[in-house]
Amino acid sequence: MKQLLNERICALFRSNWQHTLTYWSVFFSFGLCVAFLGPTILDLRCQTQSTLQEITLVFFSQQFFLFIGSTIGGFFSKTLVSSLSALAVSSLTISVVFAVIPLCHKLLLLAFALAVSGLAMGIIDTISNLQLVKIYQKDSTVFLQALHFFVGLGALVSPLIADPFLSETSCVIGNSSTNATSLRHLRNKLAGRHVHNVSSVHLHTDGEVVTNVSYAFWIMAVINLPVPIAILILMYRERLFVCGSDPSRRLLDGDVLAMKTWGTTGLTEDAGHQKETSRSHVGLFGCCLLGNAHSFLLSFFGIYILGGLVLFFSDGIVGSYTGFVYTYAVAPPMNLPHKTAGYLTCVFWAAITAGRLSAIPLSYRFKPVRLLSVSQVGVIVTLLLLLIFSNSSVFLFIGTCCLGLFISSIFPCTLAFTEDILEYQGCATTVMVTSAGMGEMLLQVLVGLVMHNQGSFSFLLCGMIFGCLGFAFFVLLFFVQQSHKNLMEALPGDSPAEILEENGIKTCSAAVLNSWDTSEQKASINP
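For the sequence shown, the numbering used here begins at 157 and goes up steadily by one.
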C-alpha cells in the first residue's frame, strides 16, 4: 500500500513538477519579505529621518495589507492563467519594492511601498496554497509542508543578506552619537517586529545620513528576479499568453492540467475528467450553496470557523513569539545579555524551517489529523514547560527550538485536513489563509499591550492561553468533521458538482466544458 502511495505521489510530481517548483519559489519570495524589516528598521529610520515611533508604523502597514491581499487572493484563482498572472505580477512587485525602498526618503513613501509588498505577499500566500491543494488534493499535505519550508528558508536568508550592511553606530550623525552596543540592543528588540514600548528611546532625526542598507535591498531584489521569470516560463510552456493561444481555450487549462495528473496516475481521461469536474473550484458562494443543499449548513460553516480559529491562534503564537521573545529574555527574571537574546528569534525560525523539512517525509506515512494532534499537544507541553522553567535561560533556548518544531506543521496540516473534509472544492484555503493573517496581526498587538501593562511574565502566559484555545478548537473541529462525515455517508452518492447543478448552479469546469463542446459542434456543422 505504501509503495503504491509513493508511486502515485511521484507520478503526480513528475506530471506537475514545473508548477510545483514555481509555487515553492514564489513562497521563497514571501519568506524574504517576512523577515527583512526587523533587522533593517533602524537604518530605514535614518533613511527617512523619522522618529522610532513613526517608523514602526510601517510594520502595521505591511501586516494590514498582507491581510487584505490574503482576502482578495481567492478572486484570482478561478483559472490557471489568472492565478499565474497574479503570481507573476506579485513576485515582480516584490523585486520592484526591494529596489525602490532605498529611494524612499519620506516615511509615507516607505509605508506605501511596504503596503504594496504586503498586498503582493497576501496574494502569493492564498494562490500558492490553493493551487497546490487543487493539483494534489488528497496528497497535498506533503507538498504544502515543502511550500512552507521555503517561507522559513526565505526568512532565514534575508537577515543574513542584510547583516553586513547594517549600521553599528548611529546612522544619523548629530551633536552626539549613539554607541554600537545600544544600537545593536535596539535592533535586536525590533528584529521580531516589536512595535511597542519604544517611546522612551531617543535617536537623532536631523543630521547627515550614513547607511549602506540600500545594497542589501538591491541584492534581495536581484535574488528574487528569477521567481517572476520562472512564472513567465511556466505560462509560456502552458501556452497561456494571448499571442500564442485561443483566449477561450485558456479557461480550460486548469482542467487540462488535472486531466494530465489523473492520466499519469493511471486513470482514463474520461474518469479524470469526471472526477475533476466534480471537484473543481466553485467559489465560496457555490460552496455555501453546496452546504445548504443538504441541510447540513451548521457543520459546513463549523468546519470553516473552527479551522480558521485553529490557524488564528497558531499563527498568532508565531507572530507574538517572534515579536516579543527578545523583550522577554532581556527583562527580569531572565536578564539575558542583549547579544545572546538576539539569537532566540533566529533559533525559532531555524526550528520552524527544520520542522517543515522533517514533516515532508512524515506526511507520507501519517494523515494530517495525526500530525496535527502531535503538533498541538507538543505546543501546549512546550509552553507549559517554559512557564515552569521560566528562570532557566538554557531551557528558554531548548523550549524555543521545540516550539518552532511543533508549531511548524500546523498551518499546512490544518489546510490539508480542512480541504479534505470539504472534498477539495478550494473553498477553505482563502478562509484559512485570511484567518492566519488576522491572528498574526491582532494577537501580536494584544500581547504587546498585555506585556506593557502586566510585565514580561505575561508573555508566556498569553502563549499558553493561545495554545490551549487553539487545541480546544482543533478538538471541536475533529468532532464536527466526524459529524460532517457521517452526514455525507448517509446521503445519496451524488458528487458535489451534481448537487450544485441540481440547484441550478454549474461549476466552472462544467460550464466551460459545455461551452467548448457546443463550439466544437458548431464548427463541425459550419466548417
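Virtual Cβ for every residue (Gly too), placed ideally from N, Cα, C. In this text the structure is predicted, and so the values were computed from the model without any measurement.
Nearest-angstrom Cα separation, counted from residue j out to residue i
i, j, result
"residue 618", "residue 603", "7 Å"
"residue 249", "residue 217", "16 Å"
"residue 553", "residue 500", "7 Å"
"residue 240", "residue 222", "19 Å"
"residue 588", "residue 175", "22 Å"
"residue 459", "residue 487", "41 Å"
"residue 529", "residue 260", "46 Å"
"residue 232", "residue 182", "16 Å"
"residue 539", "residue 620", "6 Å"
"residue 520", "residue 164", "11 Å"
"residue 479", "residue 266", "21 Å"
"residue 483", "residue 170", "47 Å"
"residue 297", "residue 291", "11 Å"
"residue 167", "residue 198", "49 Å"
"residue 172", "residue 545", "48 Å"
"residue 470", "residue 242", "27 Å"
"residue 257", "residue 271", "12 Å"
"residue 307", "residue 493", "29 Å"
"residue 464", "residue 227", "13 Å"
"residue 522", "residue 575", "16 Å"
"residue 637", "residue 244", "36 Å"
"residue 640", "residue 591", "22 Å"
"residue 293", "residue 210", "45 Å"
"residue 606", "residue 566", "25 Å"
"residue 614", "residue 551", "18 Å"
Among the options, nearest to residue i - alpha-carbon criterion
i, options, result
"residue 491", "549, 463, 513", "549"
"residue 295", "569, 238, 478, 477", "569"
"residue 379", "634, 187, 238, 288", "187"
"residue 189", "171, 247, 547", "247"
"residue 196", "475, 536, 635, 320", "320"
"residue 214", "173, 251, 613, 273", "273"
"residue 536", "387, 207, 616, 634", "616"
"residue 395", "281, 236, 523", "236"
"residue 264", "275, 369, 531, 201", "201"
"residue 389", "179, 533, 169", "179"
"residue 370", "464, 193, 285", "193"
"residue 302", "600, 638, 285", "285"
"residue 275", "229, 244, 567", "229"
"residue 632", "477, 387, 457", "457"
Close-in-space but distant-in-sequence residues of the same chain around residue i (CB under 8 Å, 5 per side omitted)
i, result
"residue 507", "556, 557, 558, 559, 560, 561, 564"
"residue 594", "223, 468"
"residue 503", "553, 556, 557, 560"
"residue 238", "232"
"residue 543", "616, 617, 620"
"residue 634", "525"
"residue 387", "178, 182, 240, 243, 244, 247"
C-beta atoms of residue i and residue j nearer than 8 Å
i, j, result
"residue 254", "residue 397", "no"
"residue 278", "residue 473", "no"
"residue 626", "residue 466", "yes"
"residue 513", "residue 527", "no"
"residue 462", "residue 629", "yes"
"residue 597", "residue 268", "no"
"residue 309", "residue 300", "no"
"residue 600", "residue 475", "yes"
"residue 585", "residue 282", "yes"
"residue 515", "residue 497", "no"
Cβ-based burial, residue i [other Cβ within 10 Å; buried from 16]
i, result
"residue 404", "With a pLDDT of only 41 at residue 404, under the threshold of 50, the placement of this residue in the model should not be trusted, and no figure is reported."
"residue 316", "exposed"
"residue 577", "buried"
"residue 573", "buried"
"residue 262", "exposed"
"residue 611", "exposed"
"residue 392", "exposed"
"residue 385", "exposed"
"residue 184", "buried"
"residue 360", "Here residue 360 scores only 49 on pLDDT, less than 50, and its place in the model should not be relied on; the value that follows carries that caveat. Buried is the call here."
Same chain, Cβ closer than 6 Å to residue i, five either side skipped, listed in chain order
i, result
"residue 481", "500"
"residue 191", "311, 314, 315"
"residue 251", "377, 380, 381"
"residue 525", "573"
"residue 489", "547"
"residue 532", "627, 630"
"residue 534", "562"
Spatial neighbours of residue i in its chain, beta-carbon cut-off 7 Å, leaving aside the 5 residues before and after
i, result
"residue 676", "Confidence in residue 676 is poor, its pLDDT being 42 and thus under 50, which makes the residue's placement too unreliable to answer from."
"residue 367", "199, 202, 203, 323, 327"
"residue 509", "305, 308, 309, 312"
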